[in-house]
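Right, one structure below, let's go through it.
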Amino acid sequence: MSPLKYLNGYPPELQAQVQQIIDAGRLGETLARRYPEANQVRSDAALFDYTQALKTRYLRSSEPLSKVCFDAKLKVIQHALGTHTRASRVQGSKLKAKREIRVASLFREAPAEFLKMIVVHELAHLKEQEHNKAFYQLCHHMAPNYAQLEFDLRLYMTHLDLQAAGSSL
8 MSPLKYLNGY PPELQAQVQQ IIDAGRLGET LARRYPEANQ VRSDAALFDY
58 TQALKTRYLR SSEPLSKVCF DAKLKVIQHA LGTHTRASRV QGSKLKAKRE
108 IRVASLFREA PAEFLKMIVV HELAHLKEQE HNKAFYQLCH HMAPNYAQLE
158 FDLRLYMTHL DLQAAGSSL
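If you count by the numbering used here, then the sequence shown holds residues 8 to 176, one letter each, in order.
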């Protein structure tokens, strides 16, 4: 599997630049310098509060969230870093909807900006189901540097994979 699997959709020139940084052993250092702030959201309750604060600020009129939590199985099983689910059930004559957001537990240790990017992404799905232009406009509304954060998160995932493979960075 390619060490740049998270960057497959990016131009070859950009991938070559990233490969040079990896070859020089500077990817981890570069990311640490760019994102020095440690993530303070460690528990499910703190994640719920963090997500609610963003939702209240940017998506006041959207449906309420029933649950927000870290999920240790998320990346392994679903190959996703975050998920949003909607479950509807009938209670009497009413239809009750529950909304959940699950965030891969690797974000407990990730820089704060990467957690924000994932939460913003999943919150945007409350309004837009598809990854279309409106979806990304909403993401940029909540996090103006969303595109850069998404790219840097891909670099971070590459860094984690290389570390797991025993490569020295």
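Ideal Cβ positions, reconstructed from N, Cα and C, are used throughout, including at glycine.
Item, Value
"Neighbour-count burial assignment, H166, 16 or more Cβ in a 10 Å radius", "buried"
"Whole runs of the beta strand (DSSP E) within the stretch 89–165, excluding any shorter than 3 residues", "89–98, 101–111"
"Limits of the beta strand (DSSP E) - the one that V75 falls within", "74–78"
"Three-state class that DSSP yields for A39 in the structure shown", "helix"
"Assumed close pair L133, L54 - CB separation to whole angstroms, cut-off 8 Å", "Contact flag wrong, Cβ pair sits at about 16 Å."
"Supposed close pair D78, V110 - CB separation, criterion 8 Å", "7 Å"
"Candidates L61, D56, L113: closest to Y163 by CA position", "L113"
"Distance, A131 Cα to Q22 Cα", "28 Å"
"Distance, S68 Cα to I84 Cα", "With a pLDDT of only 47 at I84, under 50, the local geometry of the prediction cannot be trusted, and the value read off the model is given with reservation. The alpha-carbon atoms of I84 and S68 are separated by roughly 32 Å."
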